[in-house]
Amino acid sequence: MAMMPASLLGETRMQNVLQLLQDGEFHSGEALGRVLGVSRSAVWKRLQYLESDLGLSIFRVRGRGYRLASPLSLLDASVIAKACAVSGWVTEVLPSIDSTNAQVLRQLSAGVLAPLLVLAERQESGRGRRGRVWVSPFAENLYYSLGLRIEGGAYSLDGLSLTVGLAVLRTLRESGCAGGGLKWPNDVLVAGRKIAGVLLELAGDPAGTCQVVIGIGINVNMLPGAAVAIDQPWTSVREQTGGLVDRTSLVLRLNHWLQHYLTQHAVNGFAGLRAEWEAGHLWQGLEVTLSAGPQQVDGVVLGVDKQGALRLNVAGEECQFSGGELSLRLRNDS
Ligand code: BTN
32 MAMMPASLLG ETRMQNVLQL LQDGEFHSGE ALGRVLGVSR SAVWKRLQYL ESDLGLSIFR
92 VRGRGYRLAS PLSLLDASVI AKACAVSGWV TEVLPSIDST NAQVLRQLSA GVLAPLLVLA
152 ERQESGRGRR GRVWVSPFAE NLYYSLGLRI EGGAYSLDGL SLTVGLAVLR TLRESGCAGG
212 GLKWPNDVLV AGRKIAGVLL ELAGDPAGTC QVVIGIGINV NMLPGAAVAI DQPWTSVREQ
272 TGGLVDRTSL VLRLNHWLQH YLTQHAVNGF AGLRAEWEAG HLWQGLEVTL SAGPQQVDGV
332 VLGVDKQGAL RLNVAGEECQ FSGGELSLRL RNDS
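In structure tokens form, the structure reads like this:
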């Protein structure tokens, strides 16, 4: 497990300094030294850890002190824990982890009871769909994994990942991303660019009692020009709304909509959400190419079935496709 070294962020003092600095305002060397428990002259050396390890830029101006190049919104663990306790969710908010999905799987296999929510300020090996890396810079985005116990076998997982996409879309629309929509199976796009993705992972017996980890990544405050290597067009809530987003409030909003849609899914299955999902699908009626590794199928999107499978018109015939390894692109896209 890739935890942050105790000498760095694991140290409460460093976290307290970040909490002070997150407003992007100047803070005196004396004030920071007090929080860090070091002399004024030793402050700069400590702050350089934040630059080298977390990729943050810090300005130092004689007579004024230190400030972050741009403000941050750190997760407030106590606010999140309090809100989750009302729903009986256990929470973990970590400064750094390999992957929040991996952490939930570890905790569940160590006997921690679901529902369990794990959030992190950064992921060192964030996992995307189809074996891709999910780029997860410090304190910019949301890295959110909810572990749930599912009774009734794989049948009750039908359409679950699309249901989660609906919850994410609703959260983003309520956060000011009005033009957002879905791309099968569970990407959320705004202005044709990816703003969020969902990765479900399973543990246990898919035919009986199993655990599912709902992993959600949302690009929140990351802006174009950020030094990140993402291999597809992307946008963020901040880019769409024009202001720094409070990530803790976004977590609470996502909790709310997830609970709403997961309850509907548990009661009526995906069948009851299918029409709403199709209404939010940006590629309804469009010509697409579906790929599974080297194999490709061209068709026109008809919608989804009651298990969440993609319905395509392929050469005049309706065909259904499902599976985590599939990917979809518009046919006229290069
Ligand atoms: C995708 O490729 O679209 C899915 C991305 C899912 C990323 C999230 S971030 C939180 C959770 N932890 C991970 O390692 N991955 C998911």
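For the sequence shown, position 153 matches number 184 in our numbering, and the numbering has no gaps at all.
Ideal Cβ positions, reconstructed from N, Cα and C, are used throughout, including at glycine.
Note that this is a predicted model, so its numbers are computed, not measured.
Residue from the options whose Cα sits closest to the Cα of residue i
i	options	result
ASN250	VAL328, SER192, THR272, VAL243	THR272
SER59	MET45, ARG91, LEU85	ARG91
PHE352	GLY190, GLY207, LEU81	GLY190
LEU313	SER322, ARG224, ARG180	ARG224
LEU283	PRO126, ILE111, THR43, GLN50	ILE111
ARG44	GLU61, ALA62, VAL66	VAL66
GLY119	GLY347, LEU147, ASN252, VAL332	LEU147
LEU179	THR294, ALA306, ARG360, GLY355	THR294
VAL193	ARG71, ALA209, LEU213	In the sequence under discussion, the amino acid at residue 193 is Leu, which differs from the Val named in the question. Residue LEU213 is the option with its Cα nearest to LEU193.
VAL221	LEU200, GLY354, SER101, LEU87	LEU200
THR279	ASP336, LEU81, LEU105, PRO126	LEU105
VAL268	GLY354, ASN299, ALA227	ALA227
VAL244	ALA141, GLY300, ASN132	ASN132
LEU203	LEU304, VAL276, ARG163, GLY334	VAL276
GLU171	SER127, GLN138, SER187	SER127
ASP129	ALA141, GLU155, LEU150	GLU155
GLY210	GLU356, GLY339, ALA310	ALA310
GLY355	ASN217, ARG77, SER206	ASN217
Simplified DSSP assignment, three categories, for residue i
i	result
SER140	helix
CYS241	strand
LYS76	helix
GLY41	Per-residue confidence for GLY41 stands at a pLDDT of 46, beneath the threshold of 50, marking its modelled position as unreliable; the derived number appears in the next sentence. Reduced to three states, the DSSP call for GLY41 is coil.
LEU254	coil
GLN215	Per the sequence shown, residue 215 should be read as Trp rather than Gln. Reduced to three states, the DSSP call for TRP215 is coil.
ARG342	strand
GLN315	coil
GLY274	coil
GLN351	strand
LEU220	strand
GLY210	coil
LEU99	strand
Where the beta strand (DSSP E) containing residue i begins and where it ends
i	result
LYS366	Absent from the model: residue 366. The displayed extent of the chain is 32 to 365, so no value can be given.
ALA323	318-323
ARG278	No beta strand (DSSP E) holds ARG278; the alpha helix (DSSP H) holding it covers 278-299.
LEU357	That residue, LEU357, is in no beta strand (DSSP E); it is neither H nor E in DSSP.
ASP329	326-335
Cutoff 8 Å: residue i Cβ touching any chain B Cβ
i	result
LEU333	No chain B appears in the structure shown, which is made up of a single protein chain.
Check: What residues does the ligand BTN have around it, judged by CB closer than 6 Å to any heavy atom, in chain order?
Finding: SER130, THR131, ASN132, GLN154, GLY157, ARG158, GLY159, ARG160, ARG163, TRP165, TYR174, TYR175, SER176, ASP218, GLY228, VAL229, LEU230, GLY246, ILE247, GLY248
Notebook entry, point to check: Can you list the alpha helix (DSSP H) stretches of 4 or more residues lying completely in the segment 112-194, in chain order?
Noted result: 131-140
Checklist line | In chain order, each beta strand (DSSP E) run of at least 3 residues that lies wholly inside the segment 51-95 | finding: 89-92
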